[in-house]
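Data block below; observations after.
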Amino acid sequence: MDESTYPAIRVEDIRRTFHPGTVQEKKALRGVSFDLRPGEFAVVIGSNGAGKSTLLNALAGEIPVDSGRIVANGTEIQNWPVHRRARLMSRVFQDPMMGTAAALTIEENLSIAARRGQRRSLRFGIRKSEREAFRAKLEMLGLGLENRLSDRVDLLSGGQRQSLTLVMATLKQPQLLLLDEHTAALDPRAAALVMRATTEVVHENATTTLMVTHNMSHAIEFGNRLLMIHEGKVILDASAEEKSKLTAGSLVDRFHDVVSDRMVLS
Amino acid sequence: MEILSTYLNLLPVSLAQGAVYAFVALGVMIPFRVLSLPDLTSEGTFPLGGAVLATLLAAGFNPVAGLLVAIGAGILAGGATALIHLLLKIPSLLAGIIVLTMLFSINIRIMGKPNTAIFNYETIFTELLNADGGAPLSQFALLMAIILGVCGLLFWFLHTEIGVALRSVGANQMMSRAQGLPTKWYIVGGLGLAGALSAFGGAIMAQFQSYADVTMGAGVLIIGLASTILGEALVGTKTLVRQIAAPVVGALVYFQVVAVALALGMEPSDLRLLTGIFVLCTLAAPLIAKRVARMR
Ligand SMILES: Nc1ncnc2c1ncn2[C@@H]1O[C@H](COP(=O)(O)OP(=O)(O)O)[C@@H](O)[C@H]1O
Ligand SMILES: [Mg+2]
C-alpha cells in the first residue's frame, strides 16, 4: 500500500475481557474494527459501560488488548508500551486533574508536551524561543493563561486545566488525538469554551480525532464520522454524509432499533 | 543561665551535625516529595556510603575517590529498590525494607567487619581544614559550601529536560506516560539519585565521626523526614528553591532543637522517641485540623 493512502489508524477486531474466567468476567471490547482516514474527526457515542473508555485506553496502550491489531503507518503497534505510542497519539482525559502535572508550572507542563515522544537531554528544560510559542498557543484560548506561564498548574480551575491539557495534546501535532468525554466534568460555560477550543485546534491542522461524548447535540454538531458503541461492539458507523442527515432523535431511534434487533436475534 | 551556656557549648557541634545530616535529608526528600513515592532505603544507603568510603580510605584511596564510589553504590542501591518495586510490583516501602535489610549484610561484607575506624587516614576535613580535622565551626563552613554546591547541582538538574520530566513523573504518572516518558526508568533514576545523596551523606558522616558502623543508618529516615517537614514549615514548598532548601534548613534547625533539649537535660536515648512523636504530630496535623474545623 502506498504510504499516502494509509489510514491514520486501523483497528482490527480488538477484544478485551476483564477478569476472564471469574464471576466478574466482563467482555468490554468484543471485536471492534474501524479505520480512520487522515483528518477524520470521529465522534464516539454509546451508553455507560459500552466500552468507549476501554477502546481509547486500548488505543493509547493503557489497557492491553487480548487479541486484534492496531495499525499505524503500516506498523502494528498493539504491543507498544504507552510511552512509545505517545509518538503517534496524544490524549485528553475525562478528569481535568489527569492531564497535567499539578506541581509543575504551566510552562513546564507545556515543555513536557512540546517534547512528546522525543528523547530528553540535560539541556535546559524550557528554551526562550519556546516561551513565545507557548504564549501564542495559550492566547488562542482567551483565558489569560499566557500571562501566567510560571504559575503552578494546581492554581488553575478544572476548565483552565482541561484547556491547558488540550493545548498540550496538540502542541506537537499528533497523528491521532484521543478525547474521552473531556468536557463532561466541567461546568457548562467551561465545557463550551473547551469544546470551541477543541474544534479550533482540530480544524487548524486537520487532526485525526476520536472524541467520545455523552452529549447527543455535540455528537450531531461536531465531527465528520460517527461511531456508536454498544456492549463492546461498533453498532453504527456513519460516514460524513450519513452523519449530516442524523438528528438527536433519529440517533436515539437508531440505537433502539439496533439494540432490539440484536435482542430478537440472540 | 547554665542551660544557655550548655547550649552555646553544643552550638558549633550541633551546627556541623545538622550540616552532615542535610545530605541524607535531601535523599529522603526526593522520593517523598519529588517522586511522591515513599521510600526507606536511605536507612541502608547511608551506612553503605559510610562503609564504602571507610573501606576505600583504609585501602589507601583518597577521600574524593571514596565519595565518588559511595555515590555510585548509593545509585545502585536506590535503583535496586525501584526495580524491585516496579518489576515485582512490591509496594515501595516494602521494597526499601528488603533492600536495607540486605544492605546490612552487604555493608559488613564491604568492611569485612561491622565497623571501620578511619582516625589515621586523610579525610576531606583533614585535607581541606587542618591535620586534626578542624574545629566544628570550620567543619560547618566547609559542609555548607559542599551543601550549596550539591543544592545548586540539584536545582540545575531539576530544570533540565530530564529533570522536569522526572518531576512530571512524580506528579502524574499517567499523564507522563501519555507524554511519552518511560516512567519506570525515571523512577529508577529518581530513587538512584536519592540513594546517591543518602550514601554521600553517610560517607560524609563517616569522615565526620572518623568511623563507619553498620548500624549508623538506624533512625536516619525519620531524622530526614523530620528535617524535611520542619524545613517545609519554615521555608515553604511553593517553588523548587524552597523545596530543595527545606531539608537543609530543617536538618540545621532540627539539630538545634536537639541541642536545646540536651541542654535542658534530656536523655540522648529519648531523642528518637521525641522525633517520632514530632513526625507523628505533623502527619496527623491535617486530619486534626479538619476534625477541629468540623466541630466548629
Ligand atoms: N479496569 C477495569 N477492570 C474491570 N472492569 C472494567 C475496567 N475498566 C472497565 N471495566 C468494565 O468494562 C466495561 C466498559 O467500561 P468503559 O470502557 O469504561 O465504558 P464507557 O463506555 O462508559 O467508557 C464496563 O462494564 C466497566 O465496568
Ligand atoms: Mg468512559
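Chain order of the listed sequences is Y and H.
Per UniProt numbering, residue 1 is the first one in the first sequence, and the count goes up by one each step.
Per UniProt numbering, residue 1 is the first one in the second sequence, and the count goes up by one each step.
Ideal Cβ placement from N, Cα and C applies to all residues, glycine included.
This structure is a prediction, so every number in the text was calculated from the model and none was measured.
Where Y:A86 meets chain H, residues with beta-carbon distance less than 9 Å: Locating residue 86 of chain Y in the first sequence gives position 86, where the first residue counts as 1. The answer, in chain order, is R177, A178, Q179, G180, L181.
Listed in chain order, which residues of the stretch 76-105 of chain Y have Cβ atoms closer than 9 Å to some Cβ of chain H? P81, V82, H83, R84, R85, A86, R87, M89, S90, R91, F93, M97, M98, G99, T100, A101, A102, A103, L104
Under 8 Å Cβ to Cβ from Y:M1, same chain only, skipping five residues before and after it: list those, please. Within the first sequence, numbered from 1, the residue matching residue 1 of chain Y stands at position 1. For Y:M1, the pLDDT reaches just 47, beneath the cut-off of 50, and the residue's location in the model is therefore unreliable, although a value from the coordinates is still provided. Counting only Cβ-Cβ distances below 8 Å, and skipping sequence neighbours, we find G74.
Can you tell me whether H:G149 is buried or exposed, with buried defined as 16 or more other CB within 10 angstroms of its CB? For this step, residue 149 of chain H is matched to residue 149 along the second sequence. Burial state of H:G149 is exposed, judged by a 10 Å Cβ sphere holding fewer than 16 other Cβ atoms.
Y:G159 and Y:L178 look like a contact to me (Cβ under 8 Å); what is the Cβ gap, rounded to whole Å? Mapped onto the first sequence, residue 159 of chain Y falls at position 159. Mapped onto the first sequence, residue 178 of chain Y falls at position 178. Actually they are not in contact, since the Cβ atoms of Y:G159 and Y:L178 sit about 20 Å apart, beyond 8 Å.
Quick check: what's the CA-CA separation for H:W156 versus H:M102? Counted from its first residue, the second sequence places residue 156 of chain H at position 156. Counted from its first residue, the second sequence places residue 102 of chain H at position 102. Rounded to the nearest angstrom, the two C-alpha atoms are 33 Å apart.
Spatially closest choice to Y:G125 from Y:I229, Y:I106, Y:E139, Y:K137, by CA coordinates: Locating residue 125 of chain Y in the first sequence gives position 125, where the first residue counts as 1. Minimum Cα distance to Y:G125 is reached at Y:I106.
For a contact meaning CB atoms closer than 7 Å, what does Y:E108 contact in chain H? For the purposes of this step, residue 108 of chain Y is taken as the residue at position 108 of the first sequence. The answer, in chain order, is V164.
Pocket of ligand 2 (residues with CB nearer than 7 Å to any heavy atom), chain order: Y:K52, Y:S53, Y:Q94, Y:D180, Y:E181, Y:V212
DSSP beta-bridge partners of Y:L177: Here residue 177 of chain Y corresponds to residue number 177 of the first sequence, with the count starting at 1. Y:S90, Y:T209, per the DSSP bridge assignment.
Interface residues of chain H facing Y:A185 [CB-CB closer than 8 Å]: Indexing the first sequence from 1 puts residue 185 of chain Y at position 185. Residues of chain H whose Cβ lies closer than 8 Å to the Cβ of Y:A185 do not exist; the shortest such Cβ separation is about 16 Å.
Tell me the rounded alpha-carbon separation between H:K184 and Y:D180. As a first step, residue 184 of chain H is located in the second sequence; it is residue number 184 there, counting from the start. As a first step, residue 180 of chain Y is located in the first sequence; it is residue number 180 there, counting from the start. Roughly 25 Å between the two C-alpha positions.
Give a yes or no on whether 8 Å exceeds the smallest Cβ distance from Y:F134 to chain H. As a working note, residue 134 of chain Y is residue 134 in the first sequence. Not closer than 8 Å to any Cβ of chain H, the Cβ of Y:F134 fails to qualify, so no.
Is the Cβ of residue 267 of chain Y closer than 8 Å to any Cβ of chain H? Any property of residue 267 of chain Y remains undetermined from this structure, which presents chain Y solely from 1 to 266.
Look at the alpha carbon of Y:K128 and the alpha carbon of Y:S121, and state the distance between them as a whole number of angstroms. Mapped onto the first sequence, residue 128 of chain Y falls at position 128. Mapped onto the first sequence, residue 121 of chain Y falls at position 121. C-alpha of Y:K128 to C-alpha of Y:S121: approximately 17 Å in a straight line.
Three-state class that DSSP yields for H:M266 in the structure shown: As a position in the second sequence, residue 266 of chain H is number 266, starting the count at 1. In this structure, H:M266 counts as coil in the three-state DSSP scheme.
Express the C-alpha separation of H:A263 and H:T6 in angstroms, rounding to a whole number. Numbered from its first residue, the second sequence carries residue 6 of chain H at position 6. Numbered from its first residue, the second sequence carries residue 263 of chain H at position 263. Between H:T6 and H:A263, the C-alpha separation is close to 5 Å.
The stretch 77-88 of chain Y contacting the stretch 245-262 of chain Y, beta-carbon criterion three pairs below 8 Å: no
Kindly indicate which residue of H:L240, H:G231, H:Q243, H:A73 has the alpha-carbon position closest to the one of H:A251. Mapped onto the second sequence, residue 251 of chain H falls at position 251. For H:A251, the nearest C-alpha among the options comes from H:G231.
Cβ of Y:L193 less than 8 Å from any chain H Cβ? Counting from one through the first sequence, the residue named residue 193 of chain Y turns up at place 193. Using beta-carbon distances, Y:L193 does not count as an interface residue toward chain H, since no partner is under 8 Å.
Straight-line Cα distance separating H:G49 from Y:Q173: Here residue 173 of chain Y corresponds to residue number 173 of the first sequence, with the count starting at 1. Here residue 49 of chain H corresponds to residue number 49 of the second sequence, with the count starting at 1. Going from the Cα of Y:Q173 to the Cα of H:G49 covers about 47 Å.
Reduced DSSP secondary structure (H/G/I, E/B, other) of H:N115: If you number the second sequence from 1, residue 115 of chain H lands on position 115. Strand at H:N115.
Using a Cβ-based criterion (distance less than 7 Å to any ligand heavy atom), does Y:L19 qualify as near ligand 1? Here the question's residue 19 of chain Y lines up with position 19 in the first sequence. Just to set this straight, residue 19 of chain Y is His in the shown sequence, not Leu. True, at least one ligand heavy atom lies under 7 Å from that Cβ.
With a CB to CB cut of under 6 Å and the five nearest residues on each side skipped, what residues in its chain are close to H:I229? Taking the second sequence and counting its residues from 1, the one referred to as residue 229 of chain H is at position 229. Answer for H:I229: T282, listed in chain order.
Taking 7 Å as the line, does the beta carbon of Y:N73 fall inside it for any heavy atom of ligand 1? Looking up residue 73 of chain Y in the first sequence gives position 73. Y:N73: no, Cβ never under 7 Å from ligand 1.
Mind checking whether the beta-carbon of Y:G61 lies closer than 7 Å to any heavy atom of ligand 1? Position 61 of the first sequence, counted from the first residue, corresponds to residue 61 of chain Y. Y:G61: no, Cβ never under 7 Å from ligand 1.
Looking only at DSSP bridge pairs, what is Y:V44 linked to? Within the first sequence, numbered from 1, the residue matching residue 44 of chain Y stands at position 44. Paired residue(s): Y:V212, Y:L227.
Please determine whether the Cβ atom of Y:A184 lies at a distance below 7 Å from any heavy atom of ligand 1. On the first sequence, position 184 is the one that residue 184 of chain Y refers to. Checking every heavy atom of ligand 1 against the Cβ of Y:A184, none is found closer than 7 Å.
Proximity winner among H:A203, H:Y121, H:V258, H:R291, relative to H:G72 (alpha-carbon distances): Within the second sequence, the letter at position 72 stands for residue 72 of chain H. Nearest C-alpha to H:G72: H:A203.
CA-to-CA distance, H:I3 to H:V64, given in whole angstroms: Position 64 of the second sequence, counting from 1, holds the residue named residue 64 of chain H. Position 3 of the second sequence, counting from 1, holds the residue named residue 3 of chain H. Cα to Cα, H:V64 sits roughly 40 Å from H:I3.
Give, in chain order, every residue of the stretch 230-257 of chain H whose Cβ lies closer than 8 Å to some Cβ of chain Y. K238
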